[in-house]
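**Q**
There are 2 protein chains.
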Amino acid sequence: MARGSFREHLLRVREDAIISSVNHLLAEKGFDLMTVDEVAADVGIAKASLYKHFASKEALAAAAMVRVLERGAALLDELAARPELTPLARLRAVARWALEQQLLGEMPTLPSQNSTLRAELLGSKAYVDLLMKSSDQLGEWIVQAQASGDIDPTLPPEVVLYTVFARACDPVPGFLKAGGQFSDEQIVELVLRSCFDGLRARS
Amino acid sequence: MARGSFREHLLRVREDAIISSVNHLLAEKGFDLMTVDEVAADVGIAKASLYKHFASKEALAAAAMVRVLERGAALLDELAARPELTPLARLRAVARWALEQQLLGEMPTLPSQNSTLRAELLGSKAYVDLLMKSSDQLGEWIVQAQASGDIDPTLPPEVVLYTVFARACDPVPGFLKAGGQFSDEQIVELVLRSCFDGLRARS
DNA sequence: GTCTATAGCCAGATAGAC
DNA sequence: GTCTATCTGGCTATAGAC
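Order-wise, the sequence lines are chains A and B.
Each residue of the first sequence is one higher than the one before, counting from 1 in our numbering.
Each residue of the second sequence is one higher than the one before, counting from 1 in our numbering.
1) Can you check which of these residues, A:Leu155, A:Pro153 and A:Ala168, is closest to Arg96 (chain A) by C-alpha distance?
2) Tell me, please, whether the CB atom of Gly106 (chain B) is closer than 8 Å to any CB atom in chain A?
3) Hey, which unbroken runs of the alpha helix (DSSP H) at 4 residues or more fall wholly within the region 93-180 of chain B?
4) Measuring only the C-alpha atoms, how far is Ala48 (chain B) from Asp16 (chain B)?
5) Inspect the CB distances between the region 143-160 of chain A and the region 80-94 of chain A and report whether three or more fall short of 8 Å.
6) So the alpha helix (DSSP H) Met65 (chain B) belongs to, where does it begin and stop?
7) List the residues that DSSP assigns as beta-bridge partners of Arg208 (chain B).
8) I'd like to know whether the C-beta of Asp32 (chain A) is nearer than 8 Å to at least one C-beta of chain B.
9) Quick one: measure Cβ to Cβ for Gly149 (chain A) and Ala201 (chain B), integer angstroms, because I've assumed they're closer than 8 Å.
10) Run the CB neighbour count on Lys57 (chain B), radius 10 Å, all protein chains shown included, and call it buried at 16 or more, exposed below.
11) Tell me, please, whether the CB atom of Gln123 (chain B) is closer than 8 Å to any CB atom in chain A?
12) So, with DSSP's three-state summary, where would you put Gly30 (chain A)?
13) Work out the CA separation of Leu199 (chain B) and Gly180 (chain A) for me, nearest whole Å.
14) Is the Cβ of Thr163 (chain A) closer than 8 Å to any Cβ of chain B?
15) In chain B, what lies closer than 8 Å to Gln113 (chain A) by C-beta?
16) Leaving out the 5 sequence neighbours to the left and right, which residues in its chain are closer than 7 Å to Glu38 (chain B) when beta-carbon positions are compared?
17) Distance cutoff 8 Å, beta carbons only. Does Arg118 (chain B) sit that close to anything in chain A?
18) How do the region 154-169 of chain A and the region 5-21 of chain B stand: do at least 3 beta-carbon pairs fall below 8 Å, yes or no?
19) Could one say the Cβ of Val22 (chain A) lies closer than 8 Å to chain B's Cβ atoms, at least one of them?
20) Under a Cβ-count criterion, where at least 16 other Cβ atoms within 10 Å of its own Cβ denotes burial, should Val188 (chain A) be classed as buried or exposed?
21) Any beta carbon of chain B sitting closer than 8 Å to that of Val128 (chain A)?
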């Protein structure tokens, strides 16, 4: 390995550590309450050094979001490569992953109202591309699941798509975890059931 | 009416105007992005005057939350007084109300992670009492709806309760509204259906 | 690229006159 | 109780030495 690429490797490892810290802090406190000082302390470097890697707090958050989307996209690829799974099973697996990540404290939560942050995200080609690619893949499965009669065909596909996405910031798992009477696995199972099967009894 | 009570009336009217502003700003921007200066400007008084009515920004938010809970409790009372409604219909009406309030920009959203705010809310007897009273009423209807076979009896009642509560901060209505191809009424209907009937098709 | 130190700003809260 | 003016602290971001 050439010296240059070795240094690049070290750089990427460090930036990955930064993004991991940001990811956890975003999941724990959200964007507004997360401070750059905390990130620096968590990574173990000086704040000024952070700004050599990322231009702003928004850029930090955007990087964390891109990494989450990359991991989500990787999951979609895995699921797409398993022909034994029905489209419905794939959608369920995606929702399950979002819930699991959230319970593990690995799902960053962003305030959708912060306009500077929105601008940064929408200005990031990596973010927008990943989001579109994932939406397209999910949309395909949704249409297929509706055609086969597994997903309610009278629901507009967007409703199904957003409902799956929304599991990433569903407050119900947090409430149930705070209650303390269910394991994480049980919580995931219960929320998945309430989402896909609904609150109403099935005859 | 005595002069004292007239002054008290004026005071309450003013405080109600303050709480209305806070309510809208909380719904629009959330707690962290809402500034006390904005509240003062919106009400049309000086910031220092605000602090004569409420001791802190957290107290402002708590007052807004209490008023929302009061309105919710009033709805519960109305629903309880209509014997023709099934428990399921009542639960649906509550979820519908939460969605409608949210689409109208009347549902304040709080960051559940902000500890100073949590402390203020949990320290407010009015807030805690209303929350408990409402939860009890809803819990009663849930148990009844499960007994009659309308709500899935295999779901723990807490899951149903939290799922209904969560409609107040569901991001799906906002996404659908941003999409621009559904009316508010259609959005409420679609989200209600996905919540109660689930994404999966019903045979 | 890393650090210490600090600039600059903004928001929550208060002082004090009226 | 209302106002103007100000204090205070914390946060983002940067300067400049090494």
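Backbone N, C-alpha and C fix where the C-beta goes; we use that ideal spot for every residue, glycine too.
**A** In short, the structure shows the following:
1) Position 96 of the first sequence, counted from the first residue, corresponds to residue 96 (chain A). Comparing Cα positions, the closest option is A:Ala168.
2) Here the question's residue 106 (chain B) lines up with position 106 in the second sequence. The amino acid occupying residue 106 (chain B) in the given sequence is Glu; Gly does not appear at that position. Output row for Glu106 (chain B): interface = no.
3) Within the region 93-180 of chain B, the complete alpha helix (DSSP H) runs of at least 4 residues are 115-123, 125-147, 157-165 and 172-179.
4) Residue mapping note: residue 48 (chain B) aligns to position 48 of the second sequence, counting from 1. Residue mapping note: residue 16 (chain B) aligns to position 16 of the second sequence, counting from 1. If you take the alpha carbons of Ala48 (chain B) and Asp16 (chain B), they lie about 17 Å apart.
5) Counting C-beta pairs closer than 8 Å gives three or more between the region 143-160 of chain A and the region 80-94 of chain A, which meets the contact rule.
6) Indexing the second sequence from 1 puts residue 65 (chain B) at position 65. Where Met65 (chain B) is concerned, the enclosing alpha helix (DSSP H) starts and stops at Lys57 to Ala80.
7) Residue 208 (chain B) lies beyond the stretch modelled for chain B, which goes from 1 to 203, so this question has no answer here.
8) For the purposes of this step, residue 32 (chain A) is taken as the residue at position 32 of the first sequence. So, interface residue.
9) Locating residue 149 (chain A) in the first sequence gives position 149, counting from the first residue. Locating residue 201 (chain B) in the second sequence gives position 201, counting from the first residue. The beta carbons of Gly149 (chain A) and Ala201 (chain B) sit about 5 Å from each other, so the pair counts as a contact at 8 Å.
10) To locate residue 57 (chain B), count along the second sequence from 1; it is residue 57. Classification of Lys57 (chain B): buried, given that the 10 Å Cβ count is 16 or more.
11) To locate residue 123 (chain B), count along the second sequence from 1; it is residue 123. With the sequence shown as reference, residue 123 (chain B) is identified as Gly, and Gln is not the correct amino acid for it. Judged by the 8 Å Cβ criterion, Gly123 (chain B) is not in contact with chain A.
12) What you label residue 30 (chain A) is simply residue 30 of the first sequence in a count that begins at 1. Helix at Gly30 (chain A).
13) Along the first sequence, one-based indexing puts residue 180 (chain A) at 180. Along the second sequence, one-based indexing puts residue 199 (chain B) at 199. Spanning the two alpha carbons is a distance of roughly 28 Å.
14) By 1-based counting over the first sequence, the position of residue 163 (chain A) is 163. Output row for Thr163 (chain A): interface = yes.
15) Sequence index remark: in the first sequence, residue 113 (chain A) carries index 113 (1-based). Chain B residues near Gln113 (chain A): Glu28, Lys29, Gly30 and Leu33.
16) Here residue 38 (chain B) refers to the residue found at position 38 when the second sequence is read from its first residue. Close CB contacts of Glu38 (chain B) within its chain, under the 7 Å cut and outside five residues either way in sequence, are with Leu25 (chain order).
17) Taking the second sequence and counting its residues from 1, the one referred to as residue 118 (chain B) is at position 118. The beta carbon of Arg118 (chain B) does not come within 8 Å of any beta carbon belonging to chain A, so the residue lies off that interface.
18) Too few Cβ pairs lie closer than 8 Å, so no.
19) One-based indexing of the first sequence puts residue 22 (chain A) at position 22. Under the 8 Å criterion on CB atoms, Val22 (chain A) is classed as non-interfacial with respect to chain B.
20) Position 188 of the first sequence, counting from 1, holds the residue named residue 188 (chain A). By the neighbour-count rule (16 or more Cβ atoms within 10 Å), Val188 (chain A) is buried.
21) What you label residue 128 (chain A) is simply residue 128 of the first sequence in a count that begins at 1. No, because no Cβ of chain B sits closer than 8 Å to the Cβ of Val128 (chain A).
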